[in-house]
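Position in the sequence shown (first residue = 1) + 106 = the numbering used here.
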Amino acid sequence: MIFETERLRIRKLLLTDLKPFFKLESNPEVLQYATGDIKTIVACEIELKDLMNRYDKPKNDFWIYAIERKVDKKFIGTVALVKDNVDDEIGYRFIQEYWGKGYATEICKGLISYCRFVGMKKIVGYVVDENIASAKILKRFNFTEVKKFISEDIGLPETKYELIL
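In C-alpha cells, the structure reads:
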C-alpha cells in the first residue's frame, strides 16, 4: 500500500487489474480531457506491464498506482505522480461508474497529505478548462492558477494549478 484515505487504498498496479484498467483506458468519456488515445486490451496489457516495471527502476519519474475501494477491494481508477525536474504533478482518473461519489475529492486530499509526508515542497495539477469539476476540486484545496495555455498534446485550453506544501 502507498497510502489510504477513509474509503480508498492506493497500491501498486497488478496484472489482475487488467480488465478494470482496460475499462478505464478504453472509455472516450474518461479520456476526453486526458493525454492518450483509447486503448485496446492488448495495448492496456503492454502499458500495465510497463507501468509495473517502472516501480523498480532507479530514478523513475513516473508512477501510476491503482485506486481501490477498501470495502470490496475493487479497482476504480488510477492516481499519477510525475516529476519533470521542475514540478511534481499529481493526477487521477476514475472508471466512469464511480464518478460523482466524492472519490476525486477524497483522493486529492489524500495525495496532498501523502506528498507532504514524503517531503515534496510543491505539487501541480493540469486541468483542461472544460473540466470544471476537476478545477473545483483543486481550488477547494487552495491550489492557485499559475498559467493558462493551449495544451500541446490534446490542443485544448488548459490551466496549470499549484499548491505550495
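Where is the CB? At the ideal position from N, CA and C, for every residue including glycine.
The model shown is predicted, which means the values in this text are computed figures rather than measured ones.
When you compare the CB of residue i with every CB in chain C, is at least one pair closer than 8 angstroms?
i	result
residue 150	The structure shown has no chain C; it contains just one protein chain.
For residue i, which of the options has the nearest alpha-carbon?
i	options	result
residue 226	199, 269, 211, 232	269
residue 192	231, 124, 158, 207	231
residue 126	241, 174, 198	174
residue 251	260, 259, 241	241
residue 247	144, 255, 229	229
residue 207	218, 128, 195, 183	183
residue 235	254, 218, 197	254
residue 124	161, 181, 245	181
residue 109	219, 267, 233, 245	219
residue 194	204, 221, 205, 213	221
residue 119	271, 217, 150	150
residue 271	239, 217, 237	217
How far does the beta strand (DSSP E) with residue i in it reach, from first residue to last?
i	result
residue 256	250-256
residue 268	263-270
residue 168	168-175
By DSSP's criteria, residue i is part of a beta bridge. Which residues make up the other side?
i	result
residue 223	Looking at the DSSP assignment, residue 223 forms no beta bridge with any residue, so it has no partner.
residue 194	189, 229
residue 110	115
residue 234	264
residue 183	173, 200
If residue i and residue j are in contact, beta carbons under 8 angstroms, what's the gap, nearest whole angstrom?
i	j	result
residue 224	residue 116	Not really, about 13 angstroms apart at Cβ, beyond 8 angstroms.
residue 113	residue 176	6 angstroms
residue 201	residue 130	5 angstroms
residue 243	residue 210	6 angstroms
residue 187	residue 154	With a Cβ gap of about 17 angstroms, residue 187 and residue 154 do not count as contacting.
residue 264	residue 233	7 angstroms
residue 189	residue 162	17 angstroms between Cβ atoms; not a contact.
May I ask which residues mark the beginning and end of the alpha helix (DSSP H) holding residue i?
i	result
residue 125	124-131
residue 147	147-160
> If we count Cβ pairs, one from each stretch, closer than 8 angstroms, do we get three or more for the stretch 254-267 versus the stretch 120-134?
Replying inline: The answer is no - the stretch 120-134 does not touch the stretch 254-267, with fewer than three Cβ pairs under 8 angstroms.
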